[in-house]
Every structure is written in structure tokens, then in C-alpha cells.
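Take a look at the structure below.
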Amino acid sequence: MKLLRNVILIIIGIYILTLGLVYVDVYDSRPIISLFKNMQSDSSLEVVDFSVDKKDSSKTKPKPNKNRNPYYGDLHVHTKYSFDAYIFGVTASPDDAYRYAKGEGVNHPLGYEMKLREPLDFYSVTDHGFYMGMIQAYADTSKDISQNDFAEPFHNLNRLDNLTVESAGERSNIFSSVLGATIIKPYPDWHPKLLKAYFTRNTQGALRSFDYDIHKSAWADVARSANEHNDPGHFTTFIGYEYTTSTDIEGGNLHRNVIFNSSKASIRPWTRIDSINPEDLWTWQDKLREKGVDTISIPHNSNGSNGQMFEMETFKGNALNTEYAKKRMRNEPLVEITQVKGTSDTHPLLSPDDEWADFEIMDVRVGSRPPTYSKPSGSYVREAYLNGLTLEFTRQGNPYKFGLIGSTDTHVVAASLDESNYWSKVGLLDGDPENRGSVPLKEENVERLKEYMRAFNQPISTVSLEQGEYANTGFTQWGASGLAAVWAEENTRESIFNAFRRKETFATTGTRIAVRFFGGYDLSSIDLNSESIVSEAYQKGVTMGSDLLNDENKNPEFLVWAQRDKNGAPLQRIQIIKGWIDANSGRPEEKVFDVACSDGLQPDSLTNRCPDNGARVNINDCSITSNVGSSELKTIWKDPEFVPADKTFYYVRVLENPTCRWSTWDAIKAGFKPREGLHETIQERAWSSPIWYIPEQSDVEVIPLGGTIQLRNID
Amino acid sequence: MKYKISIFFIIGLTLYLIDIGFNSSDKKEIYISDQEIISLVNAWKSQVGRNPNDDEITRIINNLVEEEILYREALKIGLDKEDRIIKRRLAQKISFLKQESIPTSPSNEDLINYYNENHDKYFIDSSYTFSHYFFSSENNSKKRSSKAYKDLLKNISINSDPFFLGKNFVDISQRKIKSEFGKDFALNFKDVEFDKWIGPIESPFGHHIIYVTNYTEGYIPDITNVLKQVEVDFLQSQRDVAIENYLNQIRSEYKIYINPNLQI
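The listed protein sequences correspond, in order, to chains A and B. With the first sequence counted from 1, adding 69 to any position gets you the working numbering. With the second sequence counted from 1, adding 3 to any position gets you the working numbering.
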């Protein structure tokens with residue numbers, strides 16, 4: 070008896086001691102208990118092969134093309150497994166998403182059919198990693214976890230009779246309570262689950278609101294679906310998820326999509342519950358790579374990051390160094406420049422001399438309520454390229470040498486790419502013109518919207534304009550964009566993923582413009598009318614995403630060739646955007662050159678602009694001027710202001726003739742005039758990844774302006 | 004005799020009591036559950052970041068009560084009767100209930116039957132191998148291509164333009180031809196003649212003269228190759244069938260009158 074009592078006491082004693090030590094370890098940043106560190110297993114590094122037992126497709130697989138083909142896809146798609154998509158009324162699955170991408174119709178939560186004009190070549194379902202599958206389980210009253218009090222508001226939320234815009238208020242409220250972490254309740258400190266979470270490095274296991282089995286099975290279903298729909302040679306899928314993190318204080322959006330290269334993936338997504346610091350995500354990706362699983366993470370909505378996405382310091386505020394730059398580039402070769410929530414090329418305040426800078430600007434922080442301004446500096450791609458050069462100039466390495474893609478971020482499984490048939494992305498909240506603010510609200514809806522805003526203590530979100538009272542909830546800044554495009558030998562996972570790694574990618578605003586871009590010193594020897602343009606260009610130069618090394622201070626030449634989208638408007642012009650650092654002053658500069666104009670026109674050598682080609686849009690019916698614009702444009706361009714010592718980048722922007730914006734289409738379809746204050750037309754466009762010109766290594770000694778030499782880690 | 008009559012009396016009384024019990028909602032009584040209040044207070048809290056004070060709680064509960072009162076009064080005067088939104092929601096709700104009873108693992112026989120009836124769905128597209136001369140619409144393509152066609156027949160060398168996506172296409176599917184050259188262009192491949200220059204054919208990019216060398220006919224694959232897809236499609240179709248059956252079964256009980264002279 071006494072023995073038993075002693076044993077029990079000892080066990081309790083050891084338990085308390087362990088808890089104590091764990092407590093010290095967790096709350097003290099110095100790793101004093103290396104013993105425990107060795108005993109910890111890492112649940113996020115367990116690799117599973119999710120491949121499905123499927124017969125090989127009997128279709129003929131097209132032969133690879135060594136000159137590479139353009140493939141179009143979307144790497145940013147949410148389904149019912151995302152905590153918010155489910156709240157937005159979405160019950161469609163990853164299978165539905167892939168079917169949509171292959172050309173089938175799927176239903177919007179409001180009941181209408183969504184269908185692509187042309188199927189896509191690749192697609193990746195990227196549900197939010199954190200809480201993946203959980204909200205759905207809360208709502209399903211047959212699941213145990215739904216019996217907890219925190220799950221109550223979700224009960225049968227998506228039963229069909231609740232799928233109406235009237236339930237939108239209830240829905241946005243639940244959304245912010247998840248983001249505000251109010252339903253993330255941990256177990257008390259003494260609880261065994263806490264110890265288990267610690268020893269398996271699986272923080273989420275310590276949360277009452279979390280069920281690991283449900284989470285894993287949602288993730289396994291995402292992976293299964295991707296593998297099942299992958300059809301080498303015809304249609305490619307990627308296992309993926311969104312790492313939805315943000316800075317602690319300002320809520321600066323640091324969201325990224327993680328894309329896996331094969332049928333293998335970790336047993337669970339590594340999420341913001343593991344760490345909100347993206348540098349830790351890269352560490353995890355590095356470790357996964359050692360185990361043979363390659364991933365890339367792709368930041369998005371830098372525009373809504375309040376300057377945090379392309380910071381000039383680390384997450385914790387230290388100086389950037391070459392180590393950081395290498396690690397970031399190893400894991401983040403690409404950035405999503407455009408999507409439904411705006412375009413992040415540049416901002417009119419950052420590029421005042423770029424007449425096309427004011428394009429689909431979304432100027433608020435992602436998910437902010439009430440809407441809160443996102444400061445432009447640090448939030449846009451072009452400035453990040455320049456800052457990258459500056460960091461290189463001060464010998465800190467260039468962490469911003471990324472390629473470009475677009476994607477949609479749709480939350481209704483279906484990419485919304487067509488201005489004339491637009492459903493935005495958050496289901497019940499913006500699935501009809503009234504709610505997204507393109508046509509005036511009906512009287513009863515004005516009251517309803519005001520009611521919600523009062524109920525949830527938000528500022529009045531309607532505005533009175535000439536044609537009536539409009540919803541003013543920010544959806545007017547969203548748009549029908551965008552696509553990821555790659556140059557790859559064939560439509561397979563391996564080939565397309567390699568293109569991501571090479572950064573041989575371009576982004577479009579949903580249109581299927583295609584663009585080739587090469588840089589070299591002997592490209593003018595290529596005959597632009599010969600059949601061998603592309604194979605010669607690959608031999609004589611480098612393509613988008615690459616470095617062009619200095620060659621005896623010769624002036625580089627660039628070959629650009631763009632083809633229109635056969636369903637879109639004809640091309641208006643090709644531009645090359647140049648950014649550089651003055652080697653003497655360290656001053657960043659940028660300039661936009663029109664290099665090819667439609668209809669046989671020539672750019673003016675003084676202004677570097679094409680003359681007006683006369684393309685106009687009739688706002689009454691959205692028809693466009695016929696017989697102007699080009700089906701293809703090609704040219705060889707030499708930088709007239711080239712300075713061999715300046716670090717420089719060049720990327721291409723291709724512009725279509727103007728067409729109606731979705732808000733104009735919405736309005737005229739409903740018999741209204743376009744809402745005042747919005748752009749009536751847009752110019753759909755494509756951006757290539759840059760080519761970086763690398764000058765000769767200079768022997769200039771750089772004296773650090775702040776921090777310590779150690780931090781900078783001079784190479 | 005007396006005994007039997009009293010049974011009827013007792014049954015009558017019971018029915019009366021049950022009736023009272025069931026119709027208690029007719030009385031003007033409103034029960035607000037604790038849960039309802041707590042979930043509203045929680046929602047409030049998560050939004051505002053603190054607990055509501057007494058006044059605010061009163062307001063929340065008052066709103067709830069008023070909503071319930073208005074709802075019942077609306078029912079009483081029949082406002083639910085002709086409301087399109089309410090009708091649609093109820094219709095959706097019953098369709099949803101009718102879909103619930105579908106088995107999740109269909110039998111092999113079901114799948115084979117479904118495949119036999121729908122095998123067109125699994126058709127694998129025909130594919131072509133061809134080469135072409137391209138004349139860009141940027142450079143007078145109509146005229147140049149007709150001249151080139153005549154020259155080709157006379158074996159005179161011709162001057163064409165490079166096509167953005169290349170010159171030769173091997174085993175390219177009908178669907179891919181459509182997506183890369185446009186619908187009208189793809190139509191020319193139907194019953195196309197082989198080993199012969201054909202054209203000029205117009206596309207959104209200009210004019211083409213094509214030379215087709217090979218063709219693989221489209222076919223329907225064996226069920227074992229598409230089993231998974233058949234299963235998914237079968238289950239989806241069952242859900243549609245369930246509603247249809249239900250509707251057919253009920254529809255006959257309704258007489259439907261529509262004004263045949265209505266002008267729209």
C-alpha cells in the first residue's frame with residue numbers, strides 16, 4: 070500500500086517536474102534543456118506519400134517541347150476546408166475545384182453556375198493550413214468536437230436554407246472571431262495534452278478547439294484529391310496550402326502559399342500556430358527538403374501588408390544579411406503579383422512617372438475591420454526589386470530577386486477571371502452586384518446593411534451617389550484577376566515545378582496573353598521572321614527569371630515576343646520596366662519604356678511612348694473599337710541609357726487595348742450607369758519575371774551604416 | 004355500455020389535452036433559451052473585445068424578443084405565404100433532406116450500368132500531328148497566304164512568318180487545337196485530308212496553311228481505366244435522381260394552371 074502510494078507520488082512528482090522544465094524551456098528563449106530537445110519529435114516533418122493507386126491515363130501523352138510551351142494555371146484556390154470559405158457558404162470540395170479547372174461547371178453558393186471559357190493547364194487547391202477542416206467539423210453536429218461551446222455559432226451554418234446573402238452579417242462576425250483567435254482556447258497548463266503537444270512540436274494539439282484527427286484527414290483529402298486529378302501531359306495539380314500569418318502588432322499580412330513538388334507531403338500543414346514568423350516556415354521547408362520533399366512558398370497580397378511583406382529588416386527587427394537573402398530565395402523564388410484582392414506591381418505614389426501604375430489598387434490591409442489603410446512602401450513588387458538591389462549594394466544580399474505569377478485566391482473553388490462574368494471570391498458576401506457595390510442597393514438591402522454594421526459596431530458602409538445608395542464595403546477595389554503562367558517542356562508536375570524554380574514564369578490579370586523574354590549580347594543577330602527565333606534565343610541569351618552577367622561592358626539586347634489572348638482584346642503595346650541603382654550615389658531609379666507598339670506604330674524616342682492607336686470602349690454596351698491593336702508584337706530592344714556599372718533589372722509588361730471593368734459590366738447588365746469614382750475600363754496585362762543584369766564585381770569597400778558587421782555577414 | 008362510452012370520453016379528453024399542449028405556441032409566450040443568449044453575447048464579445056454591460060445585454064435580449072414577436076405576427080397575417088425568398092429556402096431545405104438517403108458505396112453493377120449509359124462522358128479526344136505555314140495578321144496575312152498556297156502547289160519556295168507556339172504539333176488533341184488556334188480553326192480538322200497542303204485557314208492570329216500527317220481516332224476507354232471518375236459521377240447523379248423521383252412522385256398530385264395568353 071505504502072509502496073503504491075510512493076509510486077503514485079513519484080509519478081506525480083516527475084510529472085510536475087517535467088511540466089516545470091517544459092515551462093522554463095517554453096518561456097525562456099535560451100535552450101537550456103537540450104535533453105528535452107532531443108526527445109522531441111517533430112510531427113510536421115513526418116513525410117507521407119499520398120499518391121493514389123490509379124491506372125495511367127490511356128490518353129496519348131504529348132511529346133515534350135524543348136522550346137517550351139506556355140501553361141496557365143491558378144495556385145491559389147480555397148475550398149470548404151478553409152475556415153473562412155466554409156463560413157462564406159462554400160460547401161464545394163477540392164474535387165469540385167479540379168473539375169472546374171478542367172472545364173466543368175460548379176455552383177456558386179448563391180446557386181448560379183460558374184464555368185471557365187477555356188480549361189486551365191494546372192491548378193492547386195491551397196486551403197488555409199491553420200484550422201484546416203475544423204470549422205466544417207464544428208458545423209457538423211454529428212461530430213464530437215461540435216459539442217463544445219466554442220463550436221456553437223457554427224452549427225449547421227451551411228444548411229441550405231441558410232445560404233443567403235441575408236446571413237452575411239452572422240457570417241462576417243464568425244470570420245473575425247476566428248481571426249481574432251477568440252475560439253483558440255488552450256488546455257490548462259497541467260494538462261497531459263499540453264505535454265504531448267510539446268514533445269511532438271505540435272502546438273495546435275494544446276488547443277481545446279482542435280482535433281488533430283479531423284485536421285489530418287482534411288489535409289489527406291486535399292492531397293488525395295490533388296493526386297487523383299493529376300493527369301501527366303494533360304492537367305497538372307499540386308498539393309498545397311496557405312500559410313496564413315501576419316505580423317503581431319499591425320496585422321500586416323504575410324500570407325504565403327506553400328506548393329509541394331510531388332505526391333509526397335508532410336503529414337500536416339505547418340501553420341501559423343507553429344509560428345507566425347515566416348523565417349521559421351523557411352526553416353521547416355529546408356528540413357523537409359533534406360527529406361526529399363521540395364516546396365516553394367509564394368507570398369501574396371503584399372499590397373495589403375502595410376509595408377511588411379518586403380521589409381528592410383527581419384521579422385524580429387534585425388538587419389538583413391546574405392544568410393537571410395539566401396534562405397528566402399531558396400524557399401520563395403516567386404511572388405503573386407496580382408489576384409482578386411488587387412494588383413501589387415506598383416502604386417501611383419511609388420511610381421509617379423508610370424501612367425499605368427494606378428491599376429486595380431487595393432489600399433487597405435487584408436482582413437482589416439474597419440478597413441485600415443495599408444501603406445504603399447514595402448508593399449509593392451517593383452519597389453521590392455529596387456530595395457533588393459540596394460541591399461545588394463550594401464552587401465547584405467538580395468532577398469527580393471523573385472519571379473512573378475498571378476492567381477485568384479478564390480474562396481468558391483472557381484477562379485473568377487472574366488470581367489464580363491465576375492463573381493469575386495468570398496461567396497455569399499460578394500456574389501452579387503449589389504453587395505459588391507457595382508449597382509445601387511435596393512431599399513430593403515440598404516437597411517439590412519446598415520443594421521449589420523450597427524450590430525457589429527462597424528462604421529456605416531453605404532455611400533449615397535447620383536444613382537442611389539451603394540454598398541461601400543471595399544469589394545469595389547477587388548477584381549477579376551489573375552493567372553500563373555510558366556514556360557515548361559510539358560504539362561507535368563516535374564516540368565512545371567522546375568519552371569517555378571527557374572522563375573521562367575509570367576503573371577496575367579486573367580487574360581491568356583503569352584510573352585517570351587530573352588536578354589543577351591548577340592540577340593540582334595536573330596532574324597525575327599525566321600522559324601528559329603526561340604531556339605536561337607535560348608542558345609544566345611538568358612530568359613526571364615535569370616541573371617545576365619556583364620560581358621566586357623557590352624550593351625545588352627532584349628528580345629520580346631507577345632501573343633494576344635484569342636478571346637480577349639488585341640495587344641496595345643509591350644513595355645520594358647527598368648529599375649537600377651546608380652553605382653555612384655546608390656540612388657534607386659526606375660523607368661518605363663514602350664518597346665513595341667500596335668498597328669505598326671513606333672515609340673517616340675524622346676518620351677519612350679507609343680502614339681495613341683485609337684482603341685476606345687463604348688461604355689453603353691462595352692463594345693470596343695474593331696480593327697485596332699495587334700495579334701502579336703515582337704521586337705529586339707537595346708537599353709539606350711545603359712550604364713555598365715549599375716545593378717539593373719528589366720521586366721516586361723504587355724498591355725491589351727482597354728476593355729470594360731467588371732463593375733461597368735455589372736452596372737450595364739442591370740440597366741445602370743457605371744458607379745462614379747471607379748475606373749470604367751481597365752487594360753488587361755501580363756508581367757514577365759525580370760532579367761537581372763549583374764555588373765562586374767566592384768572593389769568598393771562598403772561601410773555598414775547601422776547594425777554590426779557580424780549581422781551583415783559580409784561575403 | 005356505459006363503460007364503452009366513457010372510453011370515448013377519455014379519448015376525447017386526451018386529444019383535447021394533447022391539442023392544448025401542441026398549440027401552446029399559439030399563446031403569446033416566448034421562450035428564449037440560455038444558449039441563444041450566450042451565443043449572441045459571445046458574438047458581441049468577439050467583435051467588441053469585452054463583455055457587454057447590463058444595458059447592452061438588455062438591448063441584445065430585447066432585439067431578440069422583438070425579432071421573435073415580429074416573426075410571429077408576420078406568420079399570423081400570412082407574410083410567409085407569398086415570399087419568393089422564403090419559398091426558395093424551404094424548397095432548398097426539402098431537396099437537401101431528400102438527397103440525404105443516398106448510399107455512399109455503390110455496387111459494381113450500379114457503376115457498370117451507369118458507365119454503359121454515360122460512356123460518352125469518358126470519351127478520349129482524337130489527336131493530330133501536323134505542320135503549318137503561318138502568316139501573321141500583322142502583315143497582310145490574307146493576301147500573302149493565298150499567294151503562298153498557289154506557290155506551294157507549284158513548289159515555289161514561300162515566305163511565311165514564325166508562329167508564336169511553333170511550327171510542328173505532334174499528337175495534339177482536338178481540344179488543345181481549339182484552345183490554341185480557336186474554335187473555327189479547329190473545325191477544319193474534321194474529315195481533314197492527309198499529306199496534303201490545306202488552306203489558307205483563318206485563326207485569331209492570321210492565316211495558316213496546314214499539312215496533317217497523322218491522326219489518332221478518339222475512343223471510349225474501358226471502365227477499369229476510369230472507375231474512380233465513374234463512381235464520383237454516379238453518386239452525383241443519384242443525388243439529382245433522388246430529387247427528380249421525389250418530384251415526379253408528388254407532381255401528379257398537383258394540378259397546375261398557367262395562363263396560356265400571358266404576354267411577357
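Backbone N, C-alpha and C define an ideal beta-carbon position, used for all residues, glycine too. No experiment lies behind these values; they were computed from the predicted model shown.
For B:ASP174, which residues in chain A fall below 9 Å Cβ to Cβ? THR129, LYS130, PRO131 and LYS132
Are any of the Cβ atoms in chain B nearer than 8 Å to that of A:SER599? yes
Which residues of chain B have a Cβ atom closer than 9 Å to the Cβ of A:ILE365, listed in chain order? By Cβ distance, chain B contributes nothing, its closest Cβ being about 27 Å from A:ILE365, past 9 Å.
Contact residues within the region 187 to 216 of chain B, judged by C-beta distance below 8 Å to chain A: SER206, PRO207, PHE208 and GLY209
What's the call for A:GLY82, buried or exposed, on a 16-neighbour Cβ count within 10 Å? exposed
Within the 8 Å Cβ cut-off, does A:TRP630 reach chain B? yes
Amino acids of chain B, ordered along the chain, whose beta-carbon sits closer than 7 Å to that of A:ASN136: GLY169
Got a sec: is the Cβ-Cβ distance from A:LYS511 to anything in chain B below 8 Å? Answer no: the Cβ-Cβ gap between A:LYS511 and chain B never drops below 8 Å.
Given a cut-off of 8 Å, decide if A:PRO759 and A:LEU458 are closer than it, judged by their beta-carbon atoms. no
Looking at the strands, I want to know which residues DSSP matches up with A:ALA553. A:GLY142 and A:ALA576
Alpha-carbon to alpha-carbon, A:TYR521 and A:ASN514: Whole-angstrom Cα-Cα distance: 11 Å.
DSSP state of A:TYR393 mapped onto helix, strand, coil: helix
7 Å Cβ cut-off: residues of chain A touching B:GLU141: SER699, SER700 and GLU701
Alpha carbon to alpha carbon, what distance is there between A:GLU503 and A:GLN671? 44 Å
Mapping DSSP to helix, strand and coil, what is B:PHE188? helix
For A:ASP708, I'd like the list of residues in its chain whose CB is within less than 7 Å of its CB, leaving aside the five on either flank, ordered along the chain. Taking C-beta separations shorter than 7 Å and ignoring five residues to either side along the sequence, the partners of A:ASP708 in its chain run ASN624, PRO625 and LYS647, following chain order.
Check the DSSP bridge columns for A:ALA453 and list the partner residues they point to. DSSP, once it has assigned bridges, lists no residue as partnering A:ALA453.
Of all the residues that make up the region 181 to 194 of chain A, which are near chain B by a beta-carbon distance shorter than 8 Å? GLU187 and PRO188
Quick one: is A:ASP230 near chain B, going by C-beta distance under 8 Å? Any reading at A:ASP230 is ruled out, since the residue's pLDDT is 45, under 50, leaving its predicted position unreliable.
Taking 8 Å as the CB-CB cut-off, is B:SER130 touching chain A? yes
Tell me whether the beta-carbon of A:ILE763 lies closer than 8 Å to the beta-carbon of A:LEU702. no
Is there a Cβ of chain B sitting closer than 8 Å to that of A:ALA161, yes or no? So, not an interface residue.
Going by DSSP, name the residue or residues bridged to A:SER315. Per DSSP, A:ASN322.
May I have the straight-line CA-CA distance separating A:PHE329 from B:ASN54, to the nearest angstrom? 44 Å
Quick check on the burial criterion: 16 or more other C-beta atoms within 10 angstroms. Buried or exposed for B:PHE126? exposed
For chain B, find out if any of its Cβ atoms is closer than 8 Å to the Cβ of A:GLU573; answer yes or no. no
May I ask you to list the residues that DSSP assigns as paired with A:GLU701? A:GLN632
Contacts of A:GLU725 in chain B (Cβ-Cβ under 9 Å): Simply none; closest approach about 13 Å.
A:PRO439 vs A:LEU419 beta-carbon contact at 8 Å: no
If distances are taken between C-alpha atoms only, which option among A:ILE365, A:GLY500 and A:PHE379 comes closest to A:SER371? A:PHE379
So with CB distances below 9 Å, who are the chain B contacts of A:ALA787? Any answer about residue 787 of chain A is impossible in this case: the structure gives chain A only from 70 up to 784.
Proximal residues of chain A, C-beta to C-beta of B:ASP164 below 7 Å: ASN598
Rounded straight-line distance, which links the Cα of A:HIS177 to that of A:PHE485: At residue 485 of chain A the sequence reads Ser, which differs from the Phe that was named. Looking at the two C-alpha atoms, the distance is approximately 11 Å.
Contacts of A:ASP487 in chain B (Cβ-Cβ under 7 Å): Result: empty, since nearest Cβ-Cβ is about 15 Å, beyond 7 Å.
Assuming A:TRP649 is part of the beta strand (DSSP E), what are its boundary residues? Here the beta strand (DSSP E) through A:TRP649 covers 640 to 650.
When burial is assigned at 16 or more other CB atoms within 10 Å of the CB, is A:ASP768 buried or exposed? A:ASP768 sits exposed, since fewer than 16 C-beta atoms from the chains shown fall within 10 Å of its C-beta.
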